[in-house]
Every structure is written in structure tokens, then in C-alpha cells.
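Colleague:
Take a look at the structure:
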């Protein structure tokens, strides 16, 4: 069941925002409004986030993702649309009720950490509890626990400016966790960190999430981060959500050129999994290995395959086995049953896709743009020449 | 381009505010005065070194040991150079001003930071406050708040407010918006966000603003000294206006020490009050190595204990120090004396201070610029100023404020205005000698303030008369600059011509030649006047009388000035005392103490019953005698009776005597009836007459015939008194027919209505004819013409007689003797009636007191005792 739902959210800055929102609903253009001095930051955004899910909103700066996030906890009041959390309509609450919801149910982690420089690490972590009015002893105990969770035990008495960036953000995370809020809003929370440290905290977040099972909305402009963290990803452009889907959806079937160009630089080998590109076992059966072994049955195939991997295994782990043998790698499901095979050619073909698109910016790209955001490119696999039809069907089926 | 009357609008606005918001200004004045007094009392109570100790402990807490030691040394130095009193006054002023500034400015700054509209609206106002020259609002400040510390505090607040508002606004705006958002995201109430996040983070910036406020306040306090703000400002002002380098240096040094202390302490305060400041302090101390003990500072609690202990000590000692006190001999009424800080002003002011103290008053002296002095006195803040140069030098002020001031007369008239040159310029003796020497003097005569009367005469008259206009330019400056310039030139033995006046200490100090003025172009010279505020003579008749009779000759003045100079700055009164010792009897002569010791009469203790009708001359003389008799130890009873009953009472002996018998004409019938039981003590006034009077501004009406000719002008009306009085009857029966006035309408509303009508018409300058008689106070109050009666129709003149019961001479022989010899002149009676009239109903005695004070010796004249 989805805990957080936002329906048809609009946010317009400038004069008479309601009128502008109404016009947008009626189909007016964003640029049209801008000429009149009003800025439509978010246009008709609807999202649903399930319990325990990390929902990533991705987009370039100015795409409206931060505005969208701030409407979820009422820091910005939507011009139109509703936000529901646990069935409660946040847009209809009074200021006081809204503050109560924010202090108890929703936490936020900021891009530049937003730690109070005049408070110690412990006082920072305890801030939300202080606002709730929790007595000092208890809030210090809980804040200490939260700091422990984020690996900052022993730093309680320090001051924020004595900590490295990564540690500071872990204080920010501890502050958000200490209140026991169910919904965590993270606004580009790791963007200001060095790449190595960023990886660390991403890992830590994923690790924590395994046990805490918070509902998280995570804003980022970094697709790799989105792919890494996101159970579900919404891509925003110019205030609109252009695609919502899993990392693989976004990568393999981008809704349009924009999304596609976004995914260009993504390290697919880490995002795509064996399950996503595998061919049916049948395509292997009946073939012969270079050393003459006949692969008649699944068992024979598994025995001959250079490796057996799970459906969730990222492609990057398939390269080594593939390179050692011409026999495809065997893919098994969670039960260990053989479900498919990944051949070396297939692996290379999938990774080659984006380059192909760039090289021939012809019919497919234009067709995609003309079809609009919801286009499902049924034709596209057929044009991916060297690869035979069936595995492609598989990909689509898996999306 | 049309002339836009901004200046006159501002003037109107100021007047309107004074008229309509007086209560508000009074309230502000009270509050500020109260605050200042409270703080000043606390700070001035302890011994100087103890307070220096307290300040040092504060410095220790804020900045460490070296700062504490320097603080103590600095304030001890201030004490040593005798600037402690003014320093404490200035400190109190600064504290009050800053307190109010911060209380107002910080919320304003917060508001401005939160609302763009408010911020935008405030900005030009702040610019105005910061850049408008202080003097521009100091003078209206005096009009609103009076002289003293309050206009100084207000001006200081105005001047020092902008940085506090700006820095607060800036500080709040500078707080990282992400932090504010974070607070909001955790559900913090906006008020709490402000108090717990924005303000603590903005505090370093706000403190920097407050530091600036204190510095600006201190600089303004010096300027406020010129409008009577007191403190170091007064010292500095005294110094610069008398080219007293020594005092200037000392006062200046005290300002610097105070400024540095306040600056360093408020700078360091940030490290104590703001969490960020404490963080920075901790870091700095951690980084510091060896000399840590110098940096060690007592914890807040320790410092607090230190301050409290010292303060308690101070309080105790302050109390013991104040024990005893002076039991005021006299009535202890305060009288404030103001003077323009010229030597003769200082001399007379301190002389009067000493005299008044001897007579039991509590005089307060204040040196001011002429502008604030006149403005303040017009408002009633200064009772008396001692050195008004009239009619020339202070003409502009006198013209402006004459109706708010009373001239208590000139006490010195040997002044002169002149141009002076150094005596070593041997061939220049007269103004004529200046001709052709323009090159030598650089074509320049060093002048004083451009507004001064002397400058005007010099430029408009003297230069023309002596043909110096083309050759010399009069350089406008100020008295202080002129004197410094003179000092410099004399030191370098260079030629210089300055505008100067006598008496002036410069003639004592430097060898100067007053240039002769054979053409008399400078005029006959000013007299030095004592000016009282309006109503002063009425409130303090005795002092006013003394002052009116006060004179000094040149020798006295010079020797007094020298005695004061000899005693040194701050010890003026000692100089006066020294001088008085050499002039014994002067106090007694200037302010005779006789008032308190009237000799008793022989019949002292007796209680004559005096009756009187409710006519002005009856009231006046009866109260006069009552007063005189009381001074002689009598216990007179006075009773107001109608004419008939009074005569009856006199005849039966219930009334012993009355002073208002109009004989032989007006009250003939009573006299004829009762004369066998009465004695005629004798007439005291014989200039009575009945008449019709018109205001003197009605031209061409001098006689009753003229009145007829101008009938239309008077709308055919004569304003009469009570119908049935002898005078009205006579007017109707004899006067009107003789002059053809029968067709005039004679109203008969009564005496008081007649007088009211007269007053109304007089103010509107309308023609009016009234039935009147002499003596009457109306003749002293208004300019009236008694219409001549060439045909003698009003009849023979009455005398006013004192009449007594036949037993009166025996019962009160002494009183009887006094009355027999008593006479009053028309002027005396008129002024007595006027004084009683001015004092108001029910305060007749006060009017009489004033009149007696104005007529020294009158008691002895009326009621001589051996």
C-alpha cells in the first residue's frame, strides 16, 4: 500500500498563481507563462511512494525536483493538487497541525547538511526531539542512539565545524532519524560530498534502510546515484515528471530522448542485471560447445556454463565468465531454477546500444520524440540488428 | 521654478507638534530623565576608584587580565584629571541612549529583515537619521524636550539608531536560508526559529552593530554637551569656547579612554553572549600557548560575584559618604542660571549662584551656546540668563523670544564692540589706520559667528564708513576659531585684525589695541542684561528685585573674572568666595536679607477689622495694609462688604477702618448719615476722576466732543457699568446732554462685563468707548485715552479717604498714625492693582507680595517703626 501520494501537484511562483495553474491545466505552455513573469516550477506531478521504498526524483537543476520535495512536507504550499501521507491530506492542515506533522512524521536531510553551527553534534541530532518537547535526558539518549546508528559514536561533544563533510551529513541523517519519522525527505543529500565518501554514505543509507524500512523520497541530479538507491525513479524535466519506473525501465526503455540522453553516461553494467538481458534457456539447448560437448538439457548447460548467476546479478559480474568461454552464462532465479542464459554477444550488444543511437540519430529518435512521453518503443528492438528477436521480447517482458 | 516652502512647513510642523503633542513630549522627557537619573545615581554613588574596579572586573571577564589592568589605570587617570564627574555623566547618557536604541532598533531590524516592504520603507528614514546634521534637530529637540539631558539623549538615539537597525537586518538576512528551512522542516514555530536559530546566528553581526551604536552615541554625547547635555561634552565645549587647551586635552583624553573601554568591551561581549563567539574564543584560547594566565578570564558567575561584591561595597561607602548633607537655610527653591560661555557671563553667574545659595535657594548653573540658551529659556527651562548683550549682539534672539522673556535690567553698560589688533602693530590705533594696510593683514578681518550682531554692523556699517569695504574681507568663523587664530598670530608675531568686544578676557591675556572708532560706527555698545523667563519676576519677586537693582562696575567685573580665573576650571565658586571676601557687604547690598526680619510694631498682636468694597482700589489697598500689618506683627481681619453695610458697620464699630471712602461727592449721602460716629483719617489718593475712555489706537478721539463726531466708528455705543451707580446717573443726567451724546446707546451690563468687552475689543483693535474711572488698573493694562471733559460736566473730583470708627484712633494709635501719613501715587496704585489682577483671584496676597518686592522700602515708608 502506498503511504505517500501526491496528486496533480502544481507550484507556480509569481502573481496570481491559481490562475496560472488553471491555465496550465487547460494546456497552456510553461514558456507562455514565463513571458508574463510567472514561473511554473512544478506542473501536474503525481507520485506514489510505498512503505519502505526509496523513491528517487531525478532531474537537472531547475527541473522542479526540490520544489516538489518541499511540497511533500508543506514547506511550500502547492498551488493546486493534494499531498496525502498515511491518508492525511497535508494540504488541508493548519500551520500548527502541519508543524506537528513535520516534527513527528516527516524528517528532512539537506544538501549542505544545514547543521546548526551554534549547537554541538549531540544538540544538533537532538534538535527535532527538542522541537517535539521531549525531555532533555530522553532526547539525548535517543540522539546518541541515532548518532550510533550513523557511526558517529564518540563525536557527540564535537562541533559541526570540526567534522568532515561526510560526517556532517551523517549528523544530518542522525538528526532526521532521531525523531522516528516514517517519511524521510532527502534533498540532494549526498551531492556535496566527494565521490568516494558519497559511495560510503550511500552504502550506509542502504544498509540502514534494510533494518529501518523508512519511506524515503530522495532528490538527486546524479543518475548513477538514482539507479543505485532508487526502488523507483521519477525523471523530471521543466517541472513535469517525464517518466516513472524502475532503474531498468529508465535505462532500457527511456520515455523519450531527454531521458535517453540522461541515461547515456550511466554505467549500465552496474544497473542492468542478468535477468534483464538473458535469453531463454531454449536458445542454448541443442548447441555444441567448442570442445564438442552437446548441450541437450538444462543440466548439461549448467555444467558447461562458465558461471551460474542469479537474476539480480549486475552485468559487470558477467564479463569475466563470459570472456573465458563461448558457452553462455547460466541464470537462475531465487529458487536456484535455471531461467535463462546470457551469451557474450548479447552482453556486448546491450552495452553498445546507446552508442548506436548516437551514431544514427535518425528515425528511431524522432519517432520516440513524436510519440511523446508514454511511448513504448515496440519497434526499437527490431531495429537492433545483430540481436535476435526473442531476447528482446524478454527484456520488454521484464520491464 | 516656484518656491517650495519646505522650511516653513517644517516650522509649522514643529509648532503643531508642540501645540498638540505636548503631553507626549512631557511623557518622553519624564521617562528619559527618570532613566538617566536612575543610571547616573547608581554610577555616581560609588567612589571613583571603586567603580573603576568594577569596570576592571568586567574587563577581566570580557578580555582578560591586561585589559582589566589598563581599564583600572585609565579610569584612575580620569579621576586624577578631575574629569570623573563628567565622565560618569557621559557614560550614563551613553548607556541610556544605547539601551533605548537597542530596544527599538533590534526589533525594527528583525521586522525589516522579515518584510521587504518594511525594509524598503525604513532605508530612506535611516539615511535621513544618519546624515541630517545633528544641530538641525538639536534645536527643535530643545523646543520639544527642554534643556538638559533629554534632547541630548533623543539626538543620540536618532543618530546611533541606523547602524543597529541595519546590522540587525543584515545579520538576520545573512543567516543561511538552509538553516532556517531546516528549522522549519522539523516543525519549529517561526518565533522559536527567530529566537533559537536566527538571532543566535545573527548575534555577532548585531553585536558589531551595537558596538557602532555605542561609538556613535559617545561622539554624539559630546555634541549634546552644547545643548546642556552635560558630561564630557560640556567640558569639551567649555574648553573650545574659551580656547582652554589644558581643559580640552583633559576632557578629550577622558572621552578617548571612555570610548576605548566601551569599544573593546562591547567588541568582546560578543564572545560571551553569542554561542558562535564562545566557540571562536575557545578555539583562539586552544591555539594559544604559554601566556595563558594573561588570557584567563573569570567565568561569568565568578565575574558576577566580583561585580556584586564591589557594588555592595560601593553602595555602602556611597551611603556613608553622603551622610549629613546640607540643611538648606532658606526655602530651597531651585533657580536655574544660564550663560553664554564668556567670562563676564561665567563671573556673574557664579556670583549669583553664591548669592542665591546664601539666601537659601538652590541655584543650578549651565553654560550654553546662545541659540540653545535663548530657546531653552523661552521654554522656561532656564530661569535667568546673566549675560545677554542687548540691544545689538543678541538682537536676533531677543527679537525672536522677547515675548517669552523678561528683561531684568542691565547690570553692566560699559561694553563696546571693536576691531582689535596686536599691540606690537604700533602704527595702528584707529579704524582709519587700517586703510592701506590691507596687504599686511592679508585683506582679512577675522570675524566670529556669521549670525552675530557685531558681524552685521561691521559688514554693513563700519567697513563702509571707513572705506575699508574693497580692501578687507570679513572672514566668518566662530568665536573659538577667531580666538585660536588670534592666539596663533600673536605667537608668531604676525599681523591680525579680529572682531572683539569688551569686556573680554583676551584683553587681559594678550597685549591688544582696541581700534578707536571716531565715527562711532559701531554704535554705543551693548549693555549686559539679566533676562528672566516669562513669569520669573512673578514667581520669584524677591530675586527679580535683587537682580533689577544689581550692578557691577568695570573694576568689580574684572577683578571678579580674575579671581575666578585664578581659582581654575571647576573651582569657579571658590574664586567667587575669595572675591566676596575682598568685597564685604556686597551680598547684603545686592540681596538685602531684610525680608525676613520686619520689626514688630508697637501694637503688634492687635487685630483691627478692616472692611472693603469689592472695588479694585479697595481690594488693593486693603490687602496691602493687611500684608504690611502682618509684617508688623498685627493680626488684621479683613471683610468684604457692600457699600451700605460697610458704612453701617463702621458706625457701629464692627468695622474699625476702611480705605475706600469716595468723598466728598460719591458717598456724600453715607457720610452725612453716619459722620457723627466716624473719623476722617485722611485722604490717601486725590487723583480720582470719572470719565469715558477709549483705546489710544483710536486716533482723533481725545474729548467727549470728538466722541460725538466719531459716533459711527463706535457703532453709537458706550459700554457702561452697573445701572444706578452715581457715575452712570451722572453720565445720563449731566454729561450726555452737555455733549449731545443722548442718542448713544449706553449698555449697562456691569463692571466686569464692561472690562471683558474692553479686553475683547482691545485685542481686535476695534474702537470702543467705556465708562471708566480713575484710579483703575485698566489704565496700567491697556493704552487708554481718558476723554477730556472741557465743560466740567463730570463734576468735582473725589478724594479717596480712609475712614474709621470714632474709637479707631484710640484703639489703634500706631495704625492710625500710619494711615494718616499714607499716600499713594497713581502709578503705585495702578501697578498694585495690576499685580493683584495678574496674581489672580484668591491670590491677592501673592500680588501684594510681588508689588512690595518691587517697591523696596515701602513697608518702612508706610508703617515706620523706630
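Protein chains in written order, with the working numbering: chain A, 10 to 408; chain B, 7 to 872.
Just so it is clear, CB atoms sit at the ideal spot from N, CA and C, and this is done for glycine as well.
(1) Any Cβ of chain A within less than 7 Å of the Cβ of residue 286 of chain B?
(2) Along chain A, which residues have their Cβ under 9 Å away from the Cβ of residue 31 of chain B?
(3) Confirm, please, whether the CB-CB distance from residue 455 of chain B to residue 484 of chain B is below 7 Å.
(4) Below 7 Å CB to CB, which residues in the same chain sit around residue 140 of chain B once its five sequence neighbours on both sides are set aside?
(5) Any contact of the segment 170-178 of chain A with the segment 85-104 of chain A, i.e. 3+ C-beta pairs under 8 Å?
(6) Mapping the DSSP letters down to three states, classify residue 601 of chain B as helix, strand or coil.
(7) Just verifying my parser: in three-state terms, what is the DSSP assignment at residue 344 of chain A?
(8) Quick one: complete alpha helix (DSSP H) runs, 4+ long, within the segment 409-464 of chain B?
(9) DSSP three-state label for residue 91 of chain A, please.
(10) Give a yes or no on contact between the segment 257-276 of chain B and the segment 82-92 of chain B, applying the rule of three or more CB pairs nearer than 8 Å.
(11) Cβ of residue 13 of chain A within 7 Å of Cβ of residue 82 of chain A?
(12) State the Cα-Cα distance for the pair residue 817 of chain B and residue 749 of chain B, rounded to the nearest angstrom.
(13) Would residue 701 of chain B pass as a contact of residue 790 of chain B if the rule is Cβ separation under 7 Å?
(14) Whole angstroms are fine: how far does the CA of residue 632 of chain B sit from the CA of residue 610 of chain B?
(15) On the three-state DSSP scale, how would you describe residue 641 of chain B?
(16) What residues of chain A sit near residue 282 of chain B, judged by a beta carbon separation below 9 Å?
(17) For residue 206 of chain B, return the contacting residues in chain A, with the cut-off set at a CB-CB distance below 8 Å.
(18) Give a yes or no on whether the C-beta atoms belonging to residue 252 of chain A and residue 261 of chain A are separated by under 7 Å.
(19) Can you tell me the Cβ-Cβ gap for residue 259 of chain A and residue 242 of chain A, rounded? I've got them flagged as a contact below 8 Å.
(20) When you compare only the Cα positions, how much space is there between residue 649 of chain B and residue 733 of chain B?
(21) Who are residue 369 of chain B's beta bridge partners in DSSP?
(22) Closer than 8 Å by beta-carbon distance: list the chain A residues that pair up with residue 142 of chain B, in chain order.
(23) For the putative contact between residue 33 of chain A and residue 56 of chain A, defined by C-beta atoms under 8 Å, what is the C-beta separation to the nearest angstrom?
(24) My output table needs one value for residue 89 of chain B: the three-state DSSP class, helix, strand or coil.
(25) Listing by chain order, which chain B residues have their CB less than 7 Å from the CB of residue 137 of chain A?
(26) May I ask you to report which of helix, strand or coil DSSP gives residue 469 of chain A?
(27) For chain B, find out if any of its Cβ atoms is closer than 7 Å to the Cβ of residue 111 of chain A; answer yes or no.
(28) Give the DSSP-derived three-state secondary structure of residue 175 of chain B in the structure shown.
(29) Can you check whether the C-beta of residue 117 of chain A is within less than 7 Å of a C-beta belonging to chain B?
(30) Quick one: grab the DSSP three-state call for residue 377 of chain B.
(31) Please name the residue in A:160, A:273, A:263 and A:38 whose C-alpha comes closest to that of residue 216 of chain A.
(32) Could you check whether the segment 535-547 of chain B touches the segment 842-859 of chain B, counting it as contact only if at least three pairs of C-beta atoms, one from each stretch, sit closer than 8 Å?
(33) Could you check whether the Cβ of residue 224 of chain B sits closer than 7 Å to any Cβ belonging to chain A?
(34) Would you say residue 7 of chain A lies against chain B (beta-carbon separation less than 7 Å)?
(35) Output the boundary residues of the beta strand (DSSP E) element that contains residue 262 of chain B.
(36) From residue 163 of chain B to residue 249 of chain A, what does the alpha carbon distance come to, in whole angstroms?
Modeller: Looking at the coordinates:
(1) Locating residue 286 of chain B in the second chain gives position 280, where the first residue counts as 1. Residue 286 of chain B does not count as touching chain A.
(2) If you number the second chain from 1, residue 31 of chain B lands on position 25. Near residue 31 of chain B there are no residues of chain A at all, since even the closest Cβ is about 42 Å away, more than 9 Å.
(3) Walking along the second chain from the start, residue 484 of chain B turns up at place 478. Walking along the second chain from the start, residue 455 of chain B turns up at place 449. Yes, they are a contact pair.
(4) Counting from 1 along the second chain, the entry for residue 140 of chain B is found at position 134. 161, 165, 226 and 229, listed in sequence order.
(5) no
(6) In the second chain, the residue the question calls residue 601 of chain B occupies position 595. The predicted position of residue 601 of chain B is uncertain, since its pLDDT is 49 and thus under 50; no value can be drawn from it.
(7) The residue given as residue 344 of chain A occupies position 335 in the first chain. The answer is coil: DSSP assigns residue 344 of chain A none of H, G, I, E or B.
(8) 459-463
(9) As a position in the first chain, residue 91 of chain A is number 82, starting the count at 1. Strand at residue 91 of chain A.
(10) yes
(11) For this step, residue 13 of chain A is matched to residue 4 along the first chain. For this step, residue 82 of chain A is matched to residue 73 along the first chain. No, they are not a contact pair.
(12) By one-based count along the second chain, residue 817 of chain B stands at place 811. By one-based count along the second chain, residue 749 of chain B stands at place 743. C-alpha separation (whole angstroms): 54 Å.
(13) The count along the second chain starts at 1 and reaches residue 701 of chain B at position 695. The count along the second chain starts at 1 and reaches residue 790 of chain B at position 784. Yes. Within cutoff.
(14) By 1-based counting over the second chain, the position of residue 610 of chain B is 604. By 1-based counting over the second chain, the position of residue 632 of chain B is 626. If I take the Cα positions, the gap works out to 13 Å.
(15) Counting from one through the second chain, the residue named residue 641 of chain B turns up at place 635. It is coil, neither helix nor strand.
(16) Counted from its first residue, the second chain places residue 282 of chain B at position 276. Correct list: 126 and 127.
(17) To locate residue 206 of chain B, count along the second chain from 1; it is residue 200. Here the neighbours are 127.
(18) Working through the first chain from its first residue, we reach residue 252 of chain A at position 243. Working through the first chain from its first residue, we reach residue 261 of chain A at position 252. No, Cβ-Cβ distance for residue 252 of chain A and residue 261 of chain A is not below 7 Å.
(19) Start at 1 with the first residue of the first chain, and residue 259 of chain A comes out as number 250. Start at 1 with the first residue of the first chain, and residue 242 of chain A comes out as number 233. About 5 Å; that satisfies the 8 Å criterion.
(20) The count along the second chain starts at 1 and reaches residue 649 of chain B at position 643. The count along the second chain starts at 1 and reaches residue 733 of chain B at position 727. Cα-Cα distance, rounded: 15 Å.
(21) Start at 1 with the first residue of the second chain, and residue 369 of chain B comes out as number 363. Looking at the DSSP assignment, residue 369 of chain B forms a beta bridge with B:341.
(22) As a working note, residue 142 of chain B is residue 136 in the second chain. Going along chain A, no residue has its Cβ under 8 Å from residue 142 of chain B, so there is no contact; the nearest lies around 42 Å.
(23) On the first chain, position 24 is the one that residue 33 of chain A refers to. On the first chain, position 47 is the one that residue 56 of chain A refers to. So it is not a contact: roughly 18 Å between Cβ atoms.
(24) As a working mapping, residue 89 of chain B is identified with position 83 in the second chain. In the structure shown, residue 89 of chain B sits in coil (DSSP, three-state: anything other than H, G, I, E or B).
(25) Sequence index remark: in the first chain, residue 137 of chain A carries index 128 (1-based). Going along chain B in sequence order, the residues near residue 137 of chain A (Cβ under 7 Å) are 192.
(26) In the structure displayed, chain A extends from 10 to 408; residue 469 of chain A sits before or after that span and is not available.
(27) Along the first chain, one-based indexing puts residue 111 of chain A at 102. Residue 111 of chain A counts as touching chain B.
(28) Within the second chain, residue 175 of chain B is the residue found at index 169, counting from 1. Helix.
(29) Locating residue 117 of chain A in the first chain gives position 108, counting from the first residue. It does: the Cβ of residue 117 of chain A has a partner Cβ on chain B nearer than 7 Å.
(30) Looking up residue 377 of chain B in the second chain gives position 371. In the structure shown, residue 377 of chain B sits in a helix (DSSP, three-state: H, G or I).
(31) As a position in the first chain, residue 216 of chain A is number 207, starting the count at 1. The shortest Cα separation from residue 216 of chain A among A:160, A:273, A:263 and A:38 belongs to A:160.
(32) yes
(33) On the second chain, position 218 is the one that residue 224 of chain B refers to. No, its Cβ sits nowhere closer than 7 Å to a Cβ of chain A.
(34) The requested residue 7 of chain A does not occur in the structure, where chain A is confined to residues 10 to 408.
(35) In the second chain, residue 262 of chain B corresponds to position 256, counting from 1. Where residue 262 of chain B is concerned, there is no enclosing beta strand (DSSP E), although the alpha helix (DSSP H) it sits in stretches over 251-279.
(36) In the second chain, counting from the first residue as 1, residue 163 of chain B sits at position 157. In the first chain, counting from the first residue as 1, residue 249 of chain A sits at position 240. Using only the alpha carbons, I get a separation of about 55 Å.
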